[in-house]
Amino acid sequence: MPALSQLYPTAFVTGASGGLGRAFAAMLLDEGVQVWGTARDPARFGVLRDRAGFHSVTLDLNDRPAALKVWAEASSQAGGLSVLVNNAGFGRFGEFAVESFAVWQEQLDTMLGATLALTHVALADLQKRERGALVNVSSLATEFPLPFMSGYNVAKAGLSAFSESLMIETAGTGVTVIDFRPGDYRTGFNQAMFSPPSSSPSAPRLARAWRALESNLLAGPAPERAARDLRRALAASRGGVVRSGSFFQARLAPFLARMAPLALRRAIAARYFGVA
């Protein structure tokens, strides 16, 4: 299989300072791709900063004018960008009706609104060049919503619906659109989330769901598996949904879900997370 750099010589990866984003950036660098990686704090890039072909970009997606400017600057430096990986995101754990609505609004503004604004400019560039790939990193939460993470579920489901729309719009343009849906990975994702407040009226249920979420993340595969799955999808130059994770989450559970009635799926999920 040829190196990805023959297909996609340059890439722009948001949220490249840790977790899946760092694994994606490292994989692309291994393939000879020039990578512009973003983070709010460039000190968190770690060893990526010392790698040949890596270009550090300081960016907070909430600053939309800055995001669009950064894309234009990176594209100019690269002589045109071949891939955009929309990976940046974060989780918020808590009861929708108890937490401030501003918490959920921030998540939707950043993970959906800001991502769409960046993609609006990036996709126009890719289509002008009549080649490239757009990778929207959504989540298996699109299919299996996580309890007490309503904002995350909505943002990721919206991103998947957005990807589906673009797959139709870009057909025949030379641009590949991938809806990349990872399951639970050992990335420290939970460490950045709000933990369940002990004063909540639903504290016991939140605590049980929190323990289940943490247990799943700790038992998940290393993020390098997700990077390998993304590599295969990019190398195939074929758009669509790519599920990534453990065999149960990425293969067996979606298959079983298609066979089970929705009410049964809800009951199983509630019992699984200890909130039945």
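Terminal number for the sequence shown in the numbering used here: 293, no gaps in between.
Just so it is clear, CB atoms sit at the ideal spot from N, CA and C, and this is done for glycine as well.
Quantities reported herein were computed from a predicted structural model and do not represent experimental measurements.
Candidates the options, of which the one nearest residue i by Cα
| i | options | result |
| --- | --- | --- |
| residue 74 | 91, 264, 159 | 91 |
| residue 127 | 31, 140, 157 | 31 |
| residue 193 | 175, 163, 251, 167 | 251 |
| residue 198 | 178, 22, 191 | 178 |
| residue 24 | 249, 159, 268, 286 | 249 |
| residue 76 | 53, 95, 66 | 53 |
| residue 34 | 142, 220, 63, 256 | 63 |
Unbroken beta strand (DSSP E) run spanning residue i, endpoints
| i | result |
| --- | --- |
| residue 66 | Run containing residue 66: none; DSSP gives neither H nor E here. |
| residue 30 | 27–30 |
| residue 157 | Careful: residue 157 lies outside any beta strand (DSSP E) and carries neither H nor E. |
| residue 51 | 51–56 |
| residue 196 | 192–199 |
| residue 101 | 100–103 |
| residue 261 | 257–261 |
Expected contact under 8 angstroms - CB spacing of residue i and residue j to nearest Å
| i | j | result |
| --- | --- | --- |
| residue 225 | residue 290 | 7 angstroms |
| residue 262 | residue 201 | 6 angstroms |
| residue 20 | residue 38 | That pair is no contact at about 21 angstroms. |
| residue 98 | residue 28 | 7 angstroms |
| residue 243 | residue 40 | 6 angstroms |
| residue 51 | residue 70 | 5 angstroms |
Extent of the continuous alpha helix (DSSP H) to which residue i belongs
| i | result |
| --- | --- |
| residue 275 | 270–276 |
| residue 167 | 167–186 |
| residue 118 | 118–125 |
| residue 221 | 220–236 |
| residue 20 | Neither: residue 20 is in no alpha helix (DSSP H) and is coded neither H nor E. |
Inter-residue Cα distance where the pair is residue i and residue j
| i | j | result |
| --- | --- | --- |
| residue 165 | residue 125 | 15 angstroms |
| residue 137 | residue 154 | 16 angstroms |
| residue 273 | residue 129 | 29 angstroms |
| residue 238 | residue 203 | 6 angstroms |
| residue 122 | residue 131 | 12 angstroms |
| residue 232 | residue 183 | 35 angstroms |
| residue 133 | residue 80 | 13 angstroms |
| residue 85 | residue 139 | 9 angstroms |
Buried/exposed call for residue i, threshold 16 Cβ in 10 Å
| i | result |
| --- | --- |
| residue 152 | buried |
| residue 276 | exposed |
| residue 45 | buried |
| residue 180 | buried |
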